[in-house]
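Chemist:
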Amino acid sequence: MKHIITLLLVLLAIVTKAQNDYYQPQKQPAPAKRTYTIVLKDGTQLRGELVRQDSVEAVIRTNNLGEVRLKTDQIVRIEQEGAQAEGDVYPNLFPQTMRFAPTAFSAEKNKLYFRNYALYISQFEYGISDNWSVNASFFSFVPTALFNLSTKVSLPVSSRVRLGVNAQYIGLRDGGLFNGNSNSLVGIGYVQGIVTTGDRRNNTTYGLGWSVSNGELSRNVVGTFGLVRKVSPKLTFISENFVLLGGGGNVDFAGVVSAGVRFDRRRHAFDLALYVPFIVGTKIAAPLTLIPFVSYHLRIGK
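Numbering (mature numbering (1 follows the signal peptide of the UniProt record, and there is no 0)), first residue to last: -18 to -1, 1 to 284.
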């Protein structure tokens, strides 16, 4: 119990500090006078000189409309035309997910995304609308052995807060990874509620999820806490963390903490991270284990 209280106090301090940072407008250094294209949620594209950008708004000077002020929640992405120089700024093009855990941001409408996790798991995601997306994940080498179908619906409740619901079906063919003659399919559902605060560059995400089997919700709850912070023009810090509540038995508390960076590029990104699983309970002595992780993200098409 002391371990749990200590962990909760540390987590509370981190959350408080993160919220103070995110809800205060943070001015970014003024970019060089180059041509940018700003894509809005309604499909509008504005082209011109990016005068100013901070966590609240962006100001672009166009030839036809003059200076236009745009709130952050209106903007899908900002791209610099012909961006290839060392000093260029690349946004986080994949705010709809941390690494494994989803956020309450949605995939861009009519855009297809591809991800690969440590070579073994591949995923395709498609944005049906600004608030609804679907994706399919599978074991890269034998797709029918392990797969995951999911959909996410999310809505903004203010300029800085979004709510989302993510539903998944996970299928595992019994013996499919090791015994090609088995045709038995084992499936389980998973439903998660998500709250994300902040913008697409800097945000925090909280989630609670339950597994679903035979039409019933599990008593075990999976809690999620994640932090995303743009730390440099081409680098994003990401920490996604999970905790299992109600495990029962000798386990009082179990979970996974992680920290890593995303190397942002014009249309793709690479993730490098470390995951640390932990278990707290009576008569349980779990050794410290560091699990390295790598993933690749790609937005297909323009």
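Each residue gets a CB set at the ideal place from its N, CA and C atoms; glycine is no exception.
Could you work out which residue in ILE266, LYS53, GLY30, GLN27 is closest to GLU39 when comparing CA atoms only?
Modeler: Taking the Cα of GLU39 as reference, the smallest distance to any Cα among ILE266, LYS53, GLY30, GLN27 is reached at LYS53.
Chemist: Does THR54 come out as helix, strand or coil in the three-state DSSP assignment?
Modeler: helix
Chemist: Starting from ALA40, trace the beta strand (DSSP E) both ways and give me its first and last residue.
Modeler: 39 to 44
Chemist: What does THR79 pair with, by DSSP beta-bridge criteria?
Modeler: PRO84
Chemist: Start and end of the beta strand (DSSP E) containing SER277?
Modeler: Its beta strand (DSSP E) spans residues 273 to 282.
Chemist: Between residue 322 and HIS250, what straight-line distance do the alpha-carbon atoms span, to the nearest angstrom?
Modeler: Absent from the structure is residue 322, since the part of the chain shown begins at -18 and ends at 284.
Chemist: Would you list the residues sitting across from ILE20 in a DSSP beta bridge?
Modeler: LEU28, ILE60
Chemist: Which residues share a DSSP beta bridge with GLY175?
Modeler: VAL147, LEU190
Chemist: Below 7 Å between beta carbons: does that hold for THR178 and ARG211?
Modeler: no
Chemist: Comparing C-alpha positions only, which one of ASN196, ASP181, GLY263 sits nearest to GLY169?
Modeler: Nearest of ASN196, ASP181, GLY263 to GLY169, Cα basis: ASN196.
Chemist: Looking only at C-alpha atoms, which of SER200, ASN184, ARG182 sits nearest to LEU190?
Modeler: SER200
Chemist: Give me the residue from ILE42, SER111, GLN174, ASN46 with the minimum Cα distance to ILE60.
Modeler: ILE42
Chemist: So, with DSSP's three-state summary, where would you put THR126?
Modeler: coil
Chemist: Grab me the residues of VAL213's own chain with a C-beta within less than 6 Å of its C-beta, minus the 5 sequence neighbours each way, in chain order.
Modeler: PHE219
Chemist: In terms of residue numbering, what span does the beta strand (DSSP E) encompassing ASN223 cover?
Modeler: 217 to 227
Chemist: Just verifying my parser: in three-state terms, what is the DSSP assignment at ILE266?
Modeler: coil
Chemist: Based on DSSP bridge pairs, tell me the residues matched to ARG93.
Modeler: First, the amino acid is wrong: residue 93 is Lys here, not Arg. None, per the DSSP bridge assignment.
Chemist: Within this structure, are the beta carbons of SER240 and GLU222 separated by less than 7 Å?
Modeler: Cβ atoms of SER240 and GLU222: closer than 7 Å.
Chemist: To which residues does DSSP link VAL71 through a beta bridge?
Modeler: Partner(s): none; VAL71 has no beta bridge.
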